[in-house]
Each structure stands twice: as C-alpha cells, then as structure tokens.
Amino acid sequence: MGEGEVTAAGAAAVDARDFPHAFHVPGRAWYARSPQDVARDLLGAHLSVGSPKGTVTIRITEVEAYGGSEDPGSHAYRGRTARNATMFGPAGRLYVYFTYGMHWCGNLVTGPDGVASAVLLRAGQVVDGVELARSRRTTSKSDRDLASGPARLATALGIDGQHDGTSVDAADGHRMPDSVVSLRVRDIRSGPFSSGPRTGVSGDGGLATYPWRYWLTGDPTVSRYRTA
DNA sequence: CGGCTGATGGACT
DNA sequence: GTCCATCAGCCGA
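For what it's worth, this note's numbering labels the leading residue of the first sequence as 200, then goes sequentially.
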C-alpha cells in the first residue's frame, strides 16, 4: 500500500566507524543526521535493557522517524510539554511515553539539545533473554510476537516510564547492570529494508504522510498493525 | 490471514 | 470532552 521499496544500496550495513560512540559523545555523528537517517541506521542494531531479573536484547527490525514543530505526526508538533520534554533534550536518551491508558512506547532521541526529533522503536527480534521476554509477554503466542509492535517491544524489554530520559550506552549488551540500556551498532549487518507511511499517524496530505516508517524487508517480527 | 472492537487513563484543547 | 505513535480477542473467510 504505497510502500516504496528501497534499493539494497540504501541498506548498506552500518559501519561503526561512521558513528564513534554515537550515543556517548554529544556532537558527533548522530547530531548531524536526520531522524530518518538514524532510523534507517538503527535497523539491525542490537538494543539491550538490563533489569534485576536479567537482560533482554533485541535486533531492531522496524522503526519510525519523528520530527518536531515541522512534523504534524509528532508529539512535539505543538511544542514542548511535560510529556515530550525528553524529545527536546540531547540525542542518545530514551523518550518513553504512555498511551491508550495502558501501553508504554520507547523512542531513541536523535537531535541536538533543544531540537525535537526521535525514532520510535516499533518492532524487534528477541536475540537474548528470551525466557525473560516470554515471562513479560505472556499473551504472546509465538516468539516472533514477543516484540512485534511498539508496546510489545517495550514490554519485552521491560521499558516503562522509569526509563524516560535514560541515557543509552554504547557498550556490549551482555551481563548488563540493572536498568542500563545499551545500543550496539558495531558489526551489525542489516539486510534490505522497505519504507512506508507511519502507523497510526493521520495525514493531511503533508509531512504526516511521508514514508518515514522503515522495516527490514520480509522480517517476520515486523508488526502487523499498519493501517492508519 | 484480515477486519472489527472494547479496554483504559493521561495529556491536552 | 476528545484524542490517542496500541493490543488482544473474537469473528468470518
């Protein structure tokens, strides 16, 4: 449905040298990049979240890019509020929000301090800590559904309001201390990706309908909720 | 598999 | 009062 296939050339594997300590050193690579560029680069990256019960790691398979005052689909469209404050902060933090009265969703903030932009983490494949993820997602019928959706992903990783504003570390995801969040782009090879309109974003024909949702083509963990 | 709907509470107009 | 960057269960094909 209006989905634009993206060439394999655009899906070249992320080279860690392009993002030295990306989420550790403000002002380096990620600052100069749009949330759309960061979103594409995050496909295939590994994200780990530690907790007292252990660590769960996912391979990111689906994301959406959001901007600020220029983006009608963004929480930051009408300016800074208590809820979206983290979006206006520096890159490398988690922006976590509560929606529909029951779900948490997580983003990675991508812009410089003062500029609102973020990438919504929409789906992933659990690659470590599967047992813990299953215990958190008891309604999941198969492992592919453990993190196939933004709220499912947050639940599987144990992300909730306590993580809003948490800095994302660039360290390896194994044996994480409690409540530490880690993003690992190094050595990650992602395959071809596709793009299409963002989910749940009503469009007026403007920027809101731009194809700023990205996913790894054909990946079974990509969320099934795609209609707007 | 695809479509439909109730749940449920906080943020914002 | 209205709107959600959603999900699970149920239904029919």
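For each residue, glycine too, the CB sits at the ideal point set by N, CA and C. Please read all numbers here as calculations on a predicted model, not as lab measurements.
- Counting of Cβ neighbours within 10 angstroms places Pro419 among the exposed residues, the total staying below 16.
- Straight-line spacing of the CA atoms in Cys304 and Pro289 works out to 19 Å.
- Rounded to the nearest angstrom, the gap between the Cα atoms of Val318 and Glu330 is 27 Å.
- A check of alpha carbon separations from Ala284 across Gly364, Val421, Arg239, Gly399 identifies Gly364 as the nearest.
- Sequence-distant partners of Gly357 (beyond 5 residues in either direction) whose C-beta falls short of 6 Å from its own C-beta, in its chain, are Val248, Ser250.
- Short of 7 Å from the beta carbon of Pro349, and not among the five residues preceding or following it, lie these beta carbons of its own chain, in chain order: Cys304, Leu319, Leu320, Arg321.
- Boundaries of the beta strand (DSSP E) around Ala322: 317-327.
- The C-beta distance from Ser316 to Pro234 rounds to 4 Å, short enough to fall under 8 Å.
- Val237 carries a helical assignment under DSSP once its states are collapsed to helix, strand and coil.
- Annotation: the continuous beta strand (DSSP E) that includes Arg258 extends over 253-265.
- Judged by their CB atoms, Ala238 and Ala275 are not nearer to each other than the 8 Å cut-off.
- For Thr298, the enclosing beta strand (DSSP E) covers residues 293-298.
- The Cβ-Cβ distance between Leu242 and Ser389 falls below 8 Å.
- For Thr256, the number of other beta carbons within 10 angstroms of its own is at least 16, and it is reported as buried.
- The three-state reading of DSSP puts Leu242 in coil, since its state is none of H, G, I, E or B.
- Annotation: the continuous beta strand (DSSP E) that includes Arg412 extends over 412-415.
- Beta-bridge partners assigned by DSSP to Leu307: Leu293, Val318.
- Taking C-alpha positions only, Tyr413 is separated from Asp327 by approximately 23 Å.
- In this structure, Gly291 sits away from Val314, with a CB-CB distance that is not shorter than 8 Å.
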